[in-house]
Amino acid sequence: MQSQLSFSKQNQTGTLYLVPTPIGNLGDMTFRSVDVLKQVDLIAAEDTRNTQKLLNHFHIETPQISFHEHNTQERIPQLVAKLLAGKNLAQASDAGMPSISDPGHELVVACIEENIPVVPLPGANAGLTALIASGLDPQPFYFYGFLDRKPKLQVAELEALKNRPESQIFYEAPHRLAKTLQHLVDVYGEKREAALCRELTKKHEQFLRGPLSELLEWAQQSDQVRGEFVVIVSGNPNGEQETAAKPDYSNLSIEAHVDQLINTGLRPNDAIKQVAHLRQLKKQEVYQIYHHLDQN
1 MQSQLSFSKQ NQTGTLYLVP TPIGNLGDMT FRSVDVLKQV DLIAAEDTRN TQKLLNHFHI
61 ETPQISFHEH NTQERIPQLV AKLLAGKNLA QASDAGMPSI SDPGHELVVA CIEENIPVVP
121 LPGANAGLTA LIASGLDPQP FYFYGFLDRK PKLQVAELEA LKNRPESQIF YEAPHRLAKT
181 LQHLVDVYGE KREAALCREL TKKHEQFLRG PLSELLEWAQ QSDQVRGEFV VIVSGNPNGE
241 QETAAKPDYS NLSIEAHVDQ LINTGLRPND AIKQVAHLRQ LKKQEVYQIY HHLDQN
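Heads up: the sequence shown runs through residues 1 to 296, numbered per UniProt numbering.
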């Protein structure tokens, strides 16, 4: 067991602060977040150009370093070294909470392994902001984020989720919204209640609520399919009974789980990606286990 006292004077390293940024309205930046960004030695930003606009708005002069999905393996050792040397760092994504849809999680894990304090700051989150105004049951809820872009994999993901009793939270880009809604109608049924939440906290914020069939019709015909979307779908009230008939992967090894998906027609790499998503593991980890590669 590891115990972290975030603000102990006995800490021998720097601290990693996870700083949320606004999802649209700059007025949602907290006083504490501004103070931390001013006080740390370095800001690890998903997109330094985007974050610079935020820093300029709040007159923050702290230097930045890029930290995104394409340089994660290179950057993490560098950032951990700075923290071990006593530097304080902030990690910020383009919008919302770090570590949700960006590489922040890997940095958090690396810091925990080195006993470096990781301090999260509360702030804006698109999924929860949408959920509480959706009109659907706010609890329990199941956050999924982005579905796979490949149609076959996306349908497989939805098949695994359709009987869950919780309200479900998805993120989707405007150019893929109609196709994703079509898959939701095909898998969940056209009568399942849902909400589309667009341009949250911005001037053109919009909520569309109704059965999936009506939301699909709007997405196919409207000229307002712009901005990032949060899609909230109501849970299946009969989920517990229907789930009993679903394939149960909990007793399968990772190798057997991948093989089972391959037998349904998926390519090995796609099956590995699907297993990683369903089990909330890294794709590389599943790949190494499946191919019996040395993980050290």
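Using N, Cα and C, we set each Cβ at its ideal position, and we do this for glycine too. The structure displayed is predicted, hence computed values, not measured ones.
A straight-line Cα-Cα distance of about 26 Å links L158 and G104. A direct Cα-Cα distance of roughly 7 Å separates F143 from F170. Counting only residues of its own chain and dropping the five nearest sequence neighbours on each side, S33 has a CB closer than 7 Å to the CB of V19, P20, L121, G123. Contact between the region 80-88 and the region 1-14 is present, with at least three C-beta pairs closer than 8 Å.
Taking the Cα positions, A195 is about 23 Å away from K150.
V118 places its beta carbon 7 Å or farther from that of L37. Nearest C-alpha to A160 among L177, Y188, T180: Y188. With distances taken between CA atoms, H257 lies nearest to I272 out of P22, I272, Q64. In the DSSP assignment, A124 falls outside any alpha helix (DSSP H), carrying neither H nor E. Restricting attention to beta strand (DSSP E) runs no shorter than 3 residues, the region 56-109 encloses them at 64-66, 89-92, ordered along the chain. Exclusion of the five residues before and after Q274 leaves D148, L153, A156, E157, L261, L266 as the residues of its chain whose Cβ lies within less than 8 Å of its Cβ.
Taking C-beta separations shorter than 6 Å and ignoring five residues to either side along the sequence, the partners of S6 in its chain run P117, V119, following chain order.
If you draw a straight line from the Cα of L42 to the Cα of Q78, it is about 12 Å long. The C-alpha of H57 lies about 19 Å from the C-alpha of I65. Exposed is the label assigned to L293, since fewer than 16 other Cβ atoms lie within 10 Å of its Cβ. Burial of R192 is indicated by the presence of at least 16 other C-beta atoms within 10 angstroms of its C-beta. Cβ atoms of S93 and E61 stay farther apart than 8 Å, at about 21 Å. Distance between Q288 and V108, taken at the CA atoms: about 22 Å.
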